[in-house]
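For the sequence shown, position 90 matches number 238 in my numbering, and the numbering has no gaps at all.
First the structure, in the form of structure tokens, and then the observations on it.
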Amino acid sequence: MPKYEEKLKEFIADHNIKCEFLQFEQSCHSVREAAQAANVQDSDCVKNICLIDSEGNLIVAIVQGNDRVSTSRVGKVLNIPKPRIAAPDEILAKTGYPCGGTPSFGYMATFLIDPVVIEKDIVLTGGGSEYALIKISPEELQKANNGEVVKLRK
Numbered sequence: 149m150p151k152y153e154e155k156l157k158e159f160i161a162d163h164n165i166k167c168e169f170l171q172f173e174q175s176c177h178s179v180r181e182a183a184q185a186a187n188v189q190d191s192d193c194v195k196n197i198c199l200i201d202s203e204g205n206l207i208v209a210i211v212q213g214n215d216r217v218s219t220s221r222v223g224k225v226l227n228i229p230k231p232r233i234a235a236p237d238e239i240l241a242k243t244g245y246p247c248g249g250t251p252s253f254g255y256m257a258t259f260l261i262d263p264v265v266i267e268k269d270i271v272l273t274g275g276g277s278e279y280a281l282i283k284i285s286p287e288e289l290q291k292a293n294n295g296e297v298v299k300l301r302k
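Here's what the structure looks like:
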């Protein structure tokens, strides 16, 4: 098991997060690939859009798989200038996980969750690598990351 998946599993155990770890042989890098691997709809997956504010802080906008994040809306919600999308090397440096496998919790960031995500019974999020997913209730996800529920989608 790759080191990133192992690291996430340890975080889950250490923080008693109620979820299911799913591992696949096919890539889950994109929402479409994740949905196909898990045999679910795109809307059952969430994307963790990593953003950087003007001071270099990490913001993670969590939206339903088929939605897009409004960076201007994120800026307004946090009362900051519009943040920018993080580059893959920044995502790895700031989260400890690679782009395409970044989970919705397990590292320091400001977490924002779109209300549509909270309406779901279960969601799938990054599992630490592009070959793993976490199956979790939105309530447990919010508890794990202390996220604020605000409208983020375009």
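No residue lacks a Cβ here, since even glycine has one placed at the ideal position from N, Cα and C.
Treat the numbers as computed from the prediction; the structure is a model and nothing was measured.
Under a three-way DSSP split, which group does Gln189 fall into? coil
Let's test the definition: count the other Cβ atoms within 10 Å of the Cβ of Pro231 and tell me whether it reaches 16, buried, or not, exposed. buried
Under the assumption that Val194 contacts Val298 (Cβ atoms under 8 Å), give the Cβ distance between them as a whole number of angstroms. Between Val298 and Val194 the Cβ distance is about 15 Å, and since that is not below 8 Å, they are no contact.
By DSSP, does Phe159 sit in helix, in strand, or in coil? helix
Express the C-alpha separation of Ala292 and His163 in angstroms, rounding to a whole number. 8 Å
Please list the terminal residues of the continuous beta strand (DSSP E) segment that includes Gly274. 271 to 274
Report back the beta-carbon spacing between Lys283 and Cys167 to the nearest angstrom; my notes put them in contact at under 8 Å. 6 Å
Whole angstroms are fine: how far does the CA of Asn227 sit from the CA of Ser202? 12 Å
Since Val217 sits in a beta bridge, which residues does DSSP pair it with? Arg301
Are the CB atoms of Lys268 and Pro286 within a distance shorter than 8 Å? yes
Please report the distance separating the alpha-carbon of Ile197 from that of Phe159. 21 Å
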